[in-house]
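S.K.:
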Amino acid sequence: AQSVSQHNHHVILSEAASLELGCNYSYGGTVNLFWYVQYPGQHLQLLLKYFSGDPLVKGIKGFEAEFIKSKFSFNLRKPSVQWSDTAEYFCAVKGGNTPLVFGKGTRLSVIA
Amino acid sequence: GAVVSQHPSWVICKSGTSVKIECRSLDFQATTMFWYRQFPKQSLMLMATSNEGSKATYEQGVEKDKFLINHASLTLSTLTVTSAHPEDSSFYICSASKGGVYNEQFFGPGTRLTVL
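Chains A and B are the protein sequences, given in the same order. Our numbering numbers the first residue of the first sequence as 7 and each following residue consecutively. Our numbering numbers the first residue of the second sequence as 114 and each following residue consecutively.
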């Protein structure tokens with residue numbers, strides 16, 4: 007079974023700082039990779055996803071993620087965060103016909 | 114497209130009663146639906162996977178007699194928490210998949226259950 011590890015529990019950044027959230031997974035086969043965001047009081051929203059092709063994936067709101075197969079990683083990045091990016095970020099992995107498995111999440115707090 | 118709704122959005126009930134939560138795919142047919150549970154400040158934990166017309170597959174440690182799942186149609190799945198207790202208080206989230214190659218899951222807004 008697959009598992010997902012998110013390294014950072016809580017990240018605090020100032021506005022305009024660059025962001026990188028780590029995500030590593032374990033699974034022996036082909037995987038689909040996702041980053042979801044959950045704003046305070048709201049439901050999960052898909053930020054971006056990787057199925058195949060270009061390992062650098064661009065998502066909504068200026069986010070991107072890079073799939074590095076050799077490192078089993080799918081880190082999320084944003085060059086310049088805004089206060090409105092304050093949220094919980096979840097990395098998720100889907101292998102084969104198995105359901106999505108989520109990491110524990112990283113809380114991002116952006117301060118003005 | 115790909116909108117998933119849940120009803121109710123929140124519910125408070127007394128200990129010992131049963132609560133039913135509905136999950137609907139509004140603009141697509143969901144071959145598979147999933148039920149997750151999220152405790153405060155924690156990640157989503159998969160409870161069960163259901164395919165339309167067949168019995169749900171429960172994750173290890175999830176009591177199937179306590180969390181009854183019915184996926185009666187391609188647009189509706191229900192989760193019934195039977196004889197609810199305070200420890201069942203949580204945020205329950207469903208997701209639905211169209212199936213096929215991509216199998217992307219679309220999430221509902223969640224239902225907050227509080228058992229007194």
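Glycine residues also receive a C-beta, built at the ideal position from the N, C-alpha and C atoms.
Taking contact to mean 3 or more Cβ pairs, one atom from each stretch, closer than 8 Å, check whether the segment 64–79 of chain A and the segment 132–139 of chain B are in contact.
M.R.: No, they do not touch.
S.K.: Going along chain A, which residues have a C-beta under 9 Å from Phe147 (chain B)?
M.R.: Ordered by position in chain A, the residues that pass the 9 Å Cβ test against Phe147 (chain B) are Pro105 and Leu106.
S.K.: Work out the CA separation of Arg225 (chain B) and Glu135 (chain B) for me, nearest whole Å.
M.R.: Computed Cα separation, rounded: 12 Å.
S.K.: Could you pull the start and end residues of the beta strand (DSSP E) that Gln142 (chain B) belongs to?
M.R.: Run containing Gln142 (chain B): none; DSSP gives neither H nor E here.
S.K.: When burial is assigned at 16 or more other CB atoms within 10 Å of the CB, is Leu62 (chain A) buried or exposed?
M.R.: It counts as exposed.
S.K.: Using CA atoms only, rank isn't needed, just tell me which of B:Lys168, B:Ile125, B:Thr191 and B:Asp178 is closest to Gln119 (chain B).
M.R.: For Gln119 (chain B), the nearest C-alpha among the options comes from B:Thr191.
S.K.: Can you check which of these residues, A:Leu114, A:Leu82 and A:Ser90, is closest to Lys55 (chain A) by C-alpha distance?
M.R.: When each option's Cα is compared against that of Lys55 (chain A), the closest is A:Leu82.
S.K.: Taking Cβ positions only, does Thr162 (chain B) come closer than 8 Å to chain A?
M.R.: For Thr162 (chain B), the answer is yes, since a Cβ of chain A falls inside 8 Å of its Cβ.
S.K.: Using a C-beta to C-beta distance shorter than 8 Å, which residues of chain B count as neighbours of Lys64 (chain A)?
M.R.: Within chain B, no residue comes near Lys64 (chain A); the closest Cβ sits about 17 Å away, beyond 8 Å.
S.K.: Against chain A, does Gly223 (chain B) count as a neighbour if the rule is that its beta carbon must be under 8 Å from one of theirs?
M.R.: Chain A contact via Cβ: present.
S.K.: Assuming Ile182 (chain B) contacts Ser163 (chain B) under a Cβ cut-off of 8 Å, what Cβ separation, rounded to an integer in Å, is found between them?
M.R.: The Cβ separation is near 5 Å, so the contact holds.
S.K.: Using a Cβ-Cβ cut-off of 7 Å (strictly less than) and excluding sequence neighbours within five positions of Val228 (chain B), which residues of its own chain qualify?
M.R.: Closer than 7 Å at Cβ, skipping near neighbours: Cys126, Ser128, Ala197, His198, Pro199, Asp201 and Ser202.
S.K.: Which runs of the beta strand (DSSP E), 3 residues or longer, sit entirely within the segment 57–109 of chain A?
M.R.: Runs found: 62–64, 70–74, 79–84 and 93–101.
S.K.: Identify whether Glu200 (chain B) lies in helix, strand or coil by the three-state DSSP scheme.
M.R.: Reduced to three states, the DSSP call for Glu200 (chain B) is helix.
S.K.: Under a three-way DSSP split, which group does His49 (chain A) fall into?
M.R.: Three-state DSSP puts His49 (chain A) in coil, outside helix and strand.
S.K.: Should Ser5 (chain A) and Ser24 (chain A) be called a contact, given that it needs their Cβ atoms to be closer than 8 Å?
M.R.: Absent from the model: residue 5 (chain A). The displayed extent of chain A is 7 to 118, so no value can be given.
S.K.: List, in order along the chain, the chain C residues whose C-beta lies closer than 8 Å to that of Phe96 (chain A)?
M.R.: The question asks about chain C, but that chain is absent: this structure's protein chains are A and B.
S.K.: For Gln12 (chain A), count the other beta carbons within 10 Å of its own beta carbon; 16 or more makes it buried, fewer makes it exposed. Which is it?
M.R.: With 16 or more other Cβ atoms within 10 Å, it is buried.
S.K.: Taking the straight line between their C-alpha atoms, what separation do you get for Tyr119 (chain A) and Ser167 (chain B)?
M.R.: Examination of residue 119 (chain A) is not possible in this model, given that chain A is present from 7 through 118 alone.
S.K.: Do Val116 (chain A) and Ser9 (chain A) have their C-beta atoms within less than 8 Å of each other?
M.R.: Going by C-beta atoms, Val116 (chain A) is not nearer than 8 Å to Ser9 (chain A).
S.K.: Quick one: Cα of Val214 (chain B) to Cα of Val117 (chain B), how far?
M.R.: For Val214 (chain B), the predicted structure reports a pLDDT of 45, less than 50, and the residue's modelled location is therefore unreliable. A value from the coordinates is still provided. For Val214 (chain B) and Val117 (chain B), the distance between alpha carbons rounds to 20 Å.
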